[in-house]
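Enquirer:
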Amino acid sequence: MQKTITFNSEVSGMAVNGKFPAKVVFEAAEPDTGIVFIRDDLPDKPEIECRFEYAVMNKRWSSLEKNGIRIEHTEHILAAISGLGITNIRIHLNSPYIPVVSTFSSWEFIVALLKAAPIAQSVPLQYKVVKEPLWVLDDFETMNGKRYDSFLLGLPSDHFSITYFLQYPEEQIPTQVAHFSTINDENFISELAIARSFILDEDYDLMLQYFGKNIDNCLSVPSGNATLRWSNEIARHKVLDLVGDLMLIGQQIKGHFIGFRSGHNMNIKMVRLLSKA
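Residues in the sequence shown are numbered consecutively from 270, following the numbering used here.
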């Protein structure tokens, strides 16, 4: 069945660019509403539906853009909504930015949504189903004259599952694999929601330009600024990102997705392929 929330709840934090506070307020929605973002800070409070045709990548994060109006940094909030199986919700913003919370994980969004008491609605849930193999191929990077490729596959399945292979050239990060044969509210809460984002030491100055001092809340690798919660925490965060980006399709999915060095840009390309399937 479709699902919404019972009570309003909110999450506050810093904007993803690290320049000012940001807040979202979750509000219940009627069946078949989908996920709708509302820019309360703008005249007439324009609404942006969570739909594939509005999905874009901005710098190092995913966003939605409709008629020149943006909702920035959507992946972690959408991962929480998807992970809890919520299908109908209205999200009010006081700026273009979703707040950054808990080291770029989904945890505070999960806490707020659980406080809002998710509730089933009396309308059947319609899934987006992967009916045939889909794939996105791309160059990851070139190093010392060698090209390293990346790919993202979508395969038919009767449930939602993800396998992610994290492998950096010259072992900047040890190879990690994360596999979830089924992604549901129980294992999303316990196994994915607190998986932290990361940056490579060599990218710190560039990321500082994008994220401001927010970046100090990320895991820094390979030097490390915290003990990993799991040996494959970084791969788990890539799964979290993929869950959130796939939700840009606007509905729950049945399919098995396999990522190898893939990221936001490829995830959005997969959403566009999936929309045509």
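Cβ atoms here follow ideal geometry from the backbone N, Cα and C, with glycine treated the same way. Small disclaimer: the values here were computed from a predicted structure and weren't measured.
Please state whether DSSP places W404 in a helix, a strand or coil.
Expert: For the purposes of this step, residue 404 is taken as residue 135 along the sequence shown, with counting starting at 1. DSSP places W404 in strand when its eight states are reduced to three.
Enquirer: By Cβ distance, which residues of its chain are closer than 6 angstroms to H361, with the 5 residues on each side in sequence left out?
Expert: By 1-based counting over the sequence shown, the position of residue 361 is 92. Excluding residues within five positions, the ones whose Cβ falls inside 6 angstroms are V294, I307 and D309.
Enquirer: Using the beta-carbon count (16 or more within 10 Å), is Q271 buried or exposed?
Expert: Walking along the sequence shown from the start, residue 271 turns up at place 2. Buried.
Enquirer: Taking the alpha-carbon positions, what's the R234 to T496 distance?
Expert: Nothing can be reported for residue 234, as the shown portion of the chain is limited to 270 through 546.
Enquirer: Compare the Cα-Cα distances from S258 to each of V508, D510, H506 and S466 and report the closest residue.
Expert: Here the chain has residues from 270 to 546 only, and residue 258 is not among them.
Enquirer: How long is the line joining the alpha carbons of Q436 and L311, rounded to whole angstroms?
Expert: Here residue 436 refers to the residue found at position 167 of the sequence shown. Here residue 311 refers to the residue found at position 42 of the sequence shown. Each residue's Cα considered, the two are about 42 angstroms apart.
Enquirer: Can you give me the Cβ contacts of L353 inside the same chain, cut-off strictly under 6 angstroms, excluding the 5 residues immediately before and after it?
Expert: Position 84 of the sequence shown holds residue 353. Same-chain partners within the cutoff: L382, P387 and D454.
Enquirer: Is it the case that the CB of I503 approaches a heavy atom of the ligand SAH more closely than 6 angstroms?
Expert: As for the ligand SAH, it is missing from this structure, which has no ligand bound.
Enquirer: Please give the ranges of any alpha helix (DSSP H) in the segment 445 to 505, keeping only runs that are unbroken, at least 4 residues long and fully inside the region.
Expert: Correct list: 473 to 480.
Enquirer: Please classify L353: does DSSP put it in a helix, a strand, or coil?
Expert: For this step, residue 353 is matched to residue 84 along the sequence shown. In this structure, L353 counts as coil in the three-state DSSP scheme.
Enquirer: How big is the Cα-Cα spacing for H525 and S374?
Expert: If you number the sequence shown from 1, residue 525 lands on position 256. If you number the sequence shown from 1, residue 374 lands on position 105. Near 23 angstroms, if we compare the C-alpha coordinates of S374 and H525.
Enquirer: If you follow the alpha helix (DSSP H) that E377 is in, where does it begin and where does it stop?
Expert: Numbered from its first residue, the sequence shown carries residue 377 at position 108. Here the alpha helix (DSSP H) through E377 covers W376 to K384.
Enquirer: Report yes if the C-beta distance between R359 and E279 is below 7 angstroms; otherwise report no.
Expert: Here residue 359 corresponds to residue number 90 of the sequence shown, with the count starting at 1. Here residue 279 corresponds to residue number 10 of the sequence shown, with the count starting at 1. Cβ atoms of R359 and E279: not closer than 7 angstroms.
Enquirer: Buried or exposed, going by whether 16 or more other CB atoms sit within 10 Å of the CB of G337?
Expert: Counted from its first residue, the sequence shown places residue 337 at position 68. Label assigned to G337: exposed.
Enquirer: Within 10 Å of its beta-carbon, does A389 have 16 or more other beta-carbons around it, so buried, or fewer, so exposed?
Expert: In the sequence shown, residue 389 corresponds to position 120, counting from 1. A389 comes out exposed.
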